[in-house]
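>
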Amino acid sequence: MVGPGFQPASGGRDLADNRQMRLTCLAVFVLTLVQAATATRPDEQAFADAVNQQDLQRYVRELVAFGPRMGGTPSNDKSAAYLADFFERHRLDVALQEDPPALAHSETSWRVALEDGSVLESAWPFGFSASTSGERQGKLLLVEDFSKATPSEEWRGRVIYTPGSVGRAYAAIVKSGFLPAAILSSAPNDPTRYVDWSRLSSLPSSASNPVPAFSVSYVDGRTLASAAQAGRSVRVSLDATIREGRGKSVIATLRGDNADAYYLVCAHGDSDSGGPGADDNASGVATVMEIARVYSSLVQSGNVPRPKYSIRFAVWGAEYRSARTFIETEGAKLSGLKGVLNFDETGTGAERDAIYFESNDVPWNEALLRTFEAVAGDYAGRPGFWTEYTTNPSQGGTDSYAFLPRQYKGTGQTTLQIPATTIYTAAWDKLAELDQLAGWESKGTADPRKLKIDYSLYYHSSADTPENTTEREPQNMVRAVKVTGLALLRLNR
Ligand SMILES: [Zn+2]
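All you need for our numbering is the position in the sequence shown, starting with 1, plus 481.
1) Would Val796 and Leu577 qualify as a contact pair, given that the criterion is a beta-carbon distance under 8 Å?
2) Pick from Ala706, Val780, Gln534, Asn949: whose alpha carbon is nearest that of Gly830?
3) How is Ala908 classed by DSSP in three states: helix, strand or coil?
4) Give me the Cα-Cα distance between Phe807 and Thr879, rounded to the nearest whole angstrom.
5) Mind checking if Val843 is an interface residue toward chain C, Cβ cutoff 8 Å exclusive?
6) Spell out a yes or no on whether the segment 821-828 and the segment 765-774 are touching, meaning 3 or more CB-CB pairs, one atom from each, closer than 8 Å.
7) Can the beta-carbon of Ala694 be found less than 8 Å from the beta-carbon of Ser610?
8) What residue range is occupied by the uninterrupted beta strand (DSSP E) comprising Leu621?
9) Near ligand 2, which residues have their beta-carbon less than 5 Å from any of its heavy atoms, given in chain order?
10) Mind checking Leu504: buried by the 16 CB within 10 Å criterion, or exposed?
11) Three or more beta-carbon pairs under 8 Å between the segment 917-932 and the segment 859-874, yes or no?
12) Identify the residues that DSSP records as bridge partners of Asn739: which are they?
13) Between the segment 544-561 and the segment 837-847, do at least 3 Cβ pairs fall closer than 8 Å?
14) Considering only C-alpha positions, which residue in the set Ala835, Ser840, Glu811, Ser875 is nearest to Gly858?
15) Taking the alpha helix (DSSP H) that Val856 falls in, what are its first and last residues?
16) Specify, as a first and last residue, the run of the beta strand (DSSP E) that Gly645 falls within.
17) State the DSSP-derived secondary structure class of Gly891, mapped to helix, strand or coil.
18) Taking 6 Å as the limit between beta carbons, can you name the residues of its chain near Cys506, skipping five residues before and five after?
19) Output needed for Glu602: all residues of its chain with C-beta closer than 8 Å, excluding positions within five of it in sequence on either side, in chain order.
20) Report the rounded CA-to-CA distance for Ser599 versus Tyr940, giving the unit in angstroms.
21) Might you give, ordered along the chain, the residues of its own chain that have their beta carbon closer than 6 Å to the beta carbon of Gln894, omitting 5 neighbours on each side?
22) With DSSP as the reference, identify every bridge partner of Val731, one or two as the case may be.
23) Which residues in the same chain have their Cβ closer than 6 Å to the Cβ of Ser840, if we skip the five residues on either side of it in sequence?
24) Taking 7 Å as the limit between beta carbons, can you name the residues of its chain near Arg713, skipping five residues before and five after?
25) Specify, as a first and last residue, the run of the beta strand (DSSP E) that Asn823 falls within.
26) Give a yes or no on contact between the segment 680-693 and the segment 568-576, applying the rule of three or more CB pairs nearer than 8 Å.
27) Where does Gly865 land, buried or exposed, given buried means 16+ other C-beta within 10 angstroms?
28) Taking the straight line between their C-alpha atoms, what separation do you get for Arg736 and Thr892?
29) For Thr768, name the three-state secondary structure that DSSP assigns.
30) Do Gly645 and Ser666 have their beta-carbon atoms positioned less than 8 Å apart in this structure?
31) Take Tyr642 as the anchor and find which of Pro661, Lys656, Glu634, Val655 has the nearest alpha-carbon.
32) Starting from the C-beta of Thr722, find all residues in its chain whose C-beta is less than 6 Å away, skip the five residues before and the five after it, and write them out in chain order.
33) So if DSSP puts Pro606 in a beta bridge, which residue, or which two residues, is it bridged to?
34) For Ala968 versus Val856, is the C-beta spacing smaller than 8 Å?
35) I believe Met958 touches Thr852 by the beta-carbon criterion, under 8 Å. Please report the beta-carbon distance rounded to the nearest angstrom.
This is how it looks when you write it as structure tokens:
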């Protein structure tokens, strides 16, 4: 079989030169063999053809419409019901998992406005901010370095604006008893990042934090600094609920020939920042949904054989916590887990157009990540696939690490050597440079030794919306579905 890019040796040569002719024929033969070996297998072609970009975009919009989907909140309940229905419709066996009760927060409405009525559109409540029970008004007080400031009588009843972060200073305020009406923070207060949207944050997990706090953008921070100097007031209101709830996870199974051994394809279903969470992590959830839909329908239609190992699709109610619950619930059955394929942020990328496969420093990830790398290499540059790809060392901070030991930034929940990777197109909020591990230099990246790990401009922010991420560059999710689907086909042969 000859691929579409193949061009036979053309004329213009002296055909009487038999030696040259034989060499040419040999070269053509070898090239044909190589191309035949790398030609698309029918099952891989069928999988790639079935991936639907519009569906992926729609899943993200539908998930974000439920709210932040934080574990144990009403929007988690709604998204879990939606996912259970989705997986059932695609004829998978669905189970629900509940975490132990934990304090959870949800916010239904809020308003932060200057006394002239102009609303600060970027304002977003910190997690675990209590309701204001109506509107609070206070004269603005600018506190430049909030973490080092000493609360005083002057703070009582004021609305404090700080360009700094709130962090541990909150406990000092509560202890002092000089309680402001509210705190507004534009941290990281960086004129190049979070300019028009706010970086989200949280107060300590408690149902009795006495002072509500809000994040605002850099630009709104400038407005507040001027208003504070002019002696203006601010009005704030917040309607929030803080109570114990159980994070609900949905786990759907595509049965394999060997039902006891399985791959786990997962993503955290909460936004974890308390914001819209389109990229982080509705994109990851959509990726899980689309792999499940395509794989299941191809098995049913007979275009793809039933997998050798079962595939379990999990959408966690709460990042880390629900994966921990899963590990505890599985008990001895966890020894059947052949690999964890986790998705976190497959919906955007600020500077690169790359896809990453994480944790090549974990020795028992070798076979799994070599499979991903082989798929990535085989399809790189083809229309509808990717160009830039690489594996990278462990960075921590997502659910694959619930399955890894502490030496690889894991939580050490299990001592089993379970292969666990995260597939993503962005991580964190600025470009990271990582030294590649020797032996893992990739053909898919410009500098194979010094990796550039892409990030999201909207990371943990009020602007992590479908419009800014998955609607703008839906190709990221498509690539994550294709590379993982094809890798699963190879792992299940
Ligand atoms: Zn995440």
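The beta-carbon is built from N, C-alpha and C at its ideal position, and this holds for glycine as well.
Values in this document were obtained by computation on a predicted structure and should not be read as measured data.
Once the coordinates are examined:
1) no
2) Asn949
3) coil
4) 15 Å
5) Looking at the structure shown, chain C is missing, and only one protein chain is on hand.
6) yes
7) yes
8) 617-623
9) Inclusion of ligand 2 in the displayed structure is not the case, the ligand content consisting of ligand 1 alone.
10) For Leu504, the predicted model reports a pLDDT of 48, less than 50, meaning its position is unreliable; a value from the coordinates is still stated below. Exposed.
11) yes
12) Tyr790
13) no
14) Ala835
15) 847-860
16) Unbroken run through Gly645: none, as it is neither H nor E.
17) coil
18) Because the pLDDT of Cys506 is 47, which lies under 50, any placement of that residue in the model is unreliable, and the number read from its coordinates should be weighed accordingly. Excluding positions up to five away in sequence, the list is empty.
19) Asp701
20) 26 Å
21) Arg805, Ile808, Ala883
22) Leu577, Val796
23) Asn846, Ser875, Thr902
24) Leu595, Glu596, Leu621
25) 818-824
26) no
27) exposed
28) 29 Å
29) helix
30) yes
31) Pro661
32) Ser587
33) Phe695
34) yes
35) That belief does not hold up - the Cβ atoms of Met958 and Thr852 are roughly 20 Å apart, past 8 Å.
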